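**Student:**
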Amino acid sequence: SNQPLIAPSILSADFARLADEVAAVKGQPGRGADWLHVDVMDAHFVPNLTLGLPVVRSLLATTDIPLDCHLMIENPDRWAIGYAEAGSYNVTVHVEAAGDPVMLAKNLHAAGAKAGLAIKPDTPLDPYVDVLKHYDTLLVMSVEPGFGGQKFLAGVLDKVRAARSMVDTGHLNLVVEIDGGINAETIEQAAEAGVDCFVAGSAVYAADDPARAVEGLRRQVEA
Ligand code: DX5
Ligand code: ZN
């Protein structure tokens with residue numbers, strides 16, 4: 002795989018101080034957050050409610066860190082495009098919620114964004130290999146989506162390994178991303194399985210210095 006990407010999740014940030022919290026993971030050039038992971042939840046696809054397009058627009062205006070929007074929402078076929086049009090770098094939708102994931106990827110690309118497909122821990126990868134040919138990122142969930150601070154589910158690493166080998170053999174062209182329970186204790190096993198991009202919420206924002214926490218995670222997985 003390529004040089005690792007670290008994507009702090011603002012789900013664990015102080016939402017009353019979002020601009021400061023985003024600035025806190027910027028770090029030194031090339032050492033801070035590569036992507037800013039933004040968890041959009043609608044209280045229907047997952048049992049939690051976070052933020053939506055108005056907050057994403059404000060984030061886009063306040064930072065030059067590329068936004069990685071993770072939409073844990075129903076009917077992404079209707080709503081995802083707005084996040085792409087607003088200027089998000091990558092927009093990830095859940096395969097369990099998407100009606101027509103191939104069309105959705107094409108629409109995201111037409112709006113100028115990368116397209117990501119997320120799979121929950123119990124969702125198999127095999128049925129979606131052809132769909133994934135249309136996507137730029139695969140987000141393997143390593144907790145049940147909905148909340149930060151949960152325990153890492155190592156069983157999902159089999160799907161990471163399968164995706165890694167399809168990328169390495171040229172069958173797919175994807176950034177393999179993992180989300181949930183990534184911290185100093187779990188990140189190395191995820192890297193060994195073939196993850197390219199590591200989302201970390203509580204491990205970054207519970208730290209006294211979030212930018213240093215990002216650097217620490219990066220140091221654990223860079224070659
Ligand atoms: C959970 C979200 C994650 C969350 C991860 O549904 O998708 O991005 O922020 O939080 P940690 O890193 O604390 O598990
Ligand atoms: Zn997420």
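When the letters of the sequence shown are read in order and numbered with full-length UniProt numbering, they come out as residues 2 to 224. Where is the CB? At the ideal position from N, CA and C, for every residue including glycine. Quick caveat, the model's predicted, so the values are computed rather than measured.
1. Relative to the C-alpha of Asp35, which candidate in Val57, Pro9 and Ser59 has its C-alpha closest?
2. Comparing the CB of Leu140 with every heavy atom of the ligand ZN, is any distance shorter than 8 Å?
3. Between the alpha carbons of Lys27 and Asp180, how many angstroms are there, rounded?
4. Which residue or residues does DSSP assign as beta-bridge partners of Pro9?
5. Report the rounded CA-to-CA distance for Phe153 versus Gln190, giving the unit in angstroms.
6. For the 8 Å Cβ check, are there 3 or more pairs between the region 120–127 and the region 89–98?
7. When you get a sec, list the residues whose CB is within less than 6 Å of any heavy atom of the ligand ZN, chain order please.
8. Thr170 lies in the beta strand (DSSP E); which residues open and close that run?
9. When you measure from the CB of Ile120 to every non-hydrogen atom of the ligand COA, does any distance come out below 8 Å?
10. Measuring straight from C-alpha to C-alpha, what distance separates Pro5 and Asp69?
11. Does the distance from the CB of Ala112 to the CB of Thr93 come in under 9 Å?
12. Could you name the residues that DSSP lists as bridge partners for Met73?
13. Within 10 angstroms of the Cβ of Leu50, are there 16 or more other Cβ atoms? Answer buried if so, exposed if not.
**Tutor:** Here's the rundown:
1. Ranking the options by Cα distance to Asp35, first place goes to Pro9.
2. Relative to the ligand ZN, the beta carbon of Leu140 is positioned inside 8 Å of a heavy atom.
3. Taking the straight line joining both Cα atoms gives about 20 Å.
4. Answer is Ala201.
5. Rounded to the nearest angstrom, the two C-alpha atoms are 11 Å apart.
6. Touching, yes, given that three or more Cβ pairs across the two stretches are closer than 8 Å.
7. Matched residues: Ser10, His38, Asp40, His71, Asp180 and Val200.
8. Element bounds for Thr170: n/a, residue is neither H nor E.
9. Within the structure as shown, the ligand COA is missing, the only ligands being the ligand DX5 and the ligand ZN.
10. So the two alpha carbons sit approximately 15 Å from each other.
11. Note that the C-beta distance between Ala112 and Thr93 is not below 9 Å.
12. Met42, per the DSSP bridge assignment.
13. Of the other Cβ atoms in all chains shown, fewer than 16 fall within 10 Å of the Cβ of Leu50; this residue is therefore exposed.
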